[in-house]
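> Encoded as structure tokens, here's the structure I'll be asking about.
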Amino acid sequence: MSYIVKLLLLAIVGGFIGWITNFIAIKLLFRPFKPVKLLLGYKIQGVIPSRKPELAVSIGNVIENQLLAPKEILNGLVSDKDINLLKETIVTNVIDILKDKLPGFLHGFTDKTIRKQLDAFMEKDGDRYIREMLNNVITNATDNLKISDMVAEKINALDLASFESIVLSVVNKELKHIEYLGGILGFLIGLIQGLVVLLF
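The numbering used here puts the first residue of the sequence shown at 8, with every later residue one more than the last.
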């Protein structure tokens, strides 16, 4: 067998070993889903299934602390347009309540004078009062809104096949690259080993 054939054979074998090693390692991230008994009492289970509860908590914490802080979410729900709408709604509701409670002959007074006073108040201090009120609501809401717990609960509720499918839908391309990289590195290592064996 010629040196070149031997060299190529060693490189191909090295490439296959590198690829299959990474392929198996990636599969072992999820498989087997449940612990499988081996010889001498050893058990094997996919890394992610065996650590799913801890992963769920970690993912939830990352999402809440780094990506979707509850206060940021709630603050983002209220715009200047919403504030103006709230001011108009408050004025209208106060006028309606007064009309309902006051005698009919005062309705004109309510519509004109009181509305004028309310509009002036809202123009001057309405934004500040409404924002203070909303900040109190948001503070109370964020104390009760635990995104990390919600995410962890959702992840733990998923069966392992569904969880695997979700993860792979995000990183499948990158995992394939790792497989191919293993093959390329294995090929190069096999080539170098072949050169060392044949030359020395």
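Backbone N, C-alpha and C fix where the C-beta goes; we use that ideal spot for every residue, glycine too.
(1) By the three-class DSSP mapping on this structure, what secondary structure does K131 have?
(2) Going by DSSP in three states, V85 sits in which element: helix, strand or coil?
(3) What residues are listed by DSSP as bridge partners for K183?
(4) Between the Cα of P60 and those of L192, A164 and I199, spot the shortest distance and give me the residue it belongs to.
(5) If you reduce the DSSP assignment to three classes, tell me which class K94 lands in.
(6) By alpha-carbon positions, which one of L14, G197 and L75 ends up nearest to G25?
(7) Going by DSSP, what residues sit across from I51 in a beta bridge?
(8) Distance, Cα to Cα, R38 vs N179?
(9) So, is V69 buried or exposed, given that buried needs 16 or more other C-beta atoms within 10 angstroms?
(10) Does L36 come out as helix, strand or coil in the three-state DSSP assignment?
(11) For E160, which of K94, E171 and A63 has the nearest alpha-carbon?
(12) Out of N142, V43 and S176, which has the shortest C-alpha to C-alpha gap to P56?
(13) Please state the DSSP three-state secondary structure of K106.
(14) Is the segment 165-177 touching the segment 72-92 in the sense that three or more CB pairs, one from each, lie closer than 8 Å?
(15) Report the residue from E79, D126 and Q73 whose alpha carbon sits nearest the alpha carbon of T96.
(16) Under three-state DSSP, which class holds R58?
(17) So, do the segment 102-109 and the segment 183-196 have three or more beta carbon pairs nearer to each other than 8 Å?
According to the data block:
(1) helix
(2) It is coil, neither helix nor strand.
(3) Partner(s): none; K183 has no beta bridge.
(4) A164
(5) helix
(6) Considering only alpha carbons, the answer is G197.
(7) V43
(8) Between R38 and N179, the C-alpha separation is close to 15 Å.
(9) By the beta-carbon neighbour count (other beta carbons within 10 angstroms, threshold 16), V69 is exposed.
(10) Coil at L36, not helix or strand.
(11) A63
(12) V43
(13) helix
(14) With the cut-off at 8 Å, the segment 72-92 and the segment 165-177 do not touch.
(15) D126
(16) coil
(17) These segments do not touch.
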